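Read through the structure below, which is laid out as structure tokens, and then see the notes.
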Amino acid sequence: MHYNQDDIATGERLRGIRESMKMTREEFSEKIDITDSFLGQIERGERALSVKTLRKVVKYTGVSADYLLFGKETNNQTLQKINNILTVNSEETSDFIYHIVMYSNEFCKKITNDNK
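According to my numbering, the sequence shown is numbered sequentially starting from 4.
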């Protein structure tokens, strides 16, 4: 059987994300509402991500679709990491830091749009 190299690479990145979250296939698949066998097929490159599943993965993990599909790091991924840190410590995070992050987000979007 012939597998698409893009699907294999996407599956490898997805497996890496799941493993970095220290989750089993069963745990991760439950969170994104697919079967663990289907997740295994995606991770091995035997099946492609549907748009619906891609949305769920992006929403649950916080990684960008660009990274998952193409392996590209984006400004949004860095911003998501910052947002995750702030969310974990939300009670201790001042309004000042929150506003800096929000303005940084807008600034990065502007830079990204200007470079297109």
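All C-beta atoms, glycine included, are put in the ideal place defined by N, C-alpha and C.
Since this is a predicted model, take the numbers as computed values, not measurements.
- Item | CA nearest to the CA of residue 13, picked from 37, 74, 23 | Within the sequence shown, residue 13 is the residue found at index 10, counting from 1. Residue 13 has its Cα closest to that of 74, out of 37, 74, 23.
- Cβ of residue 61 within 8 Å of Cβ of residue 67? Along the sequence shown, one-based indexing puts residue 61 at 58. Along the sequence shown, one-based indexing puts residue 67 at 64. Taking C-beta atoms as the reference points, residue 61 and residue 67 count as a pair closer than 8 Å.
- Secondary structure at residue 116, three-state DSSP: helix, strand or coil? Your numbering for residue 116 matches position 113 in the sequence shown. Of the three classes helix, strand and coil, the one that applies to residue 116 here is helix, per DSSP.
- Please list, in chain order, all residues of the same chain as residue 46 whose beta carbon is under 7 Å from its beta carbon, the five residues on each side excluded. Here residue 46 is taken as the residue at index 43 of the sequence shown, counted from 1. Within the same chain, residue 46 has close Cβ partners 14, 17, 18.
- Let me know the secondary structure DSSP gives residue 57 once reduced to three states. Taking the first residue of the sequence shown as position 1, residue 57 is located at position 54. In this structure, residue 57 counts as helix in the three-state DSSP scheme.
- Item | Buried or exposed (CB count within 10 angstroms, at least 16 for buried), residue 21 | Reading the sequence shown from its first residue, position 18 is the one you call residue 21. By the neighbour-count rule (16 or more Cβ atoms within 10 Å), residue 21 is buried.
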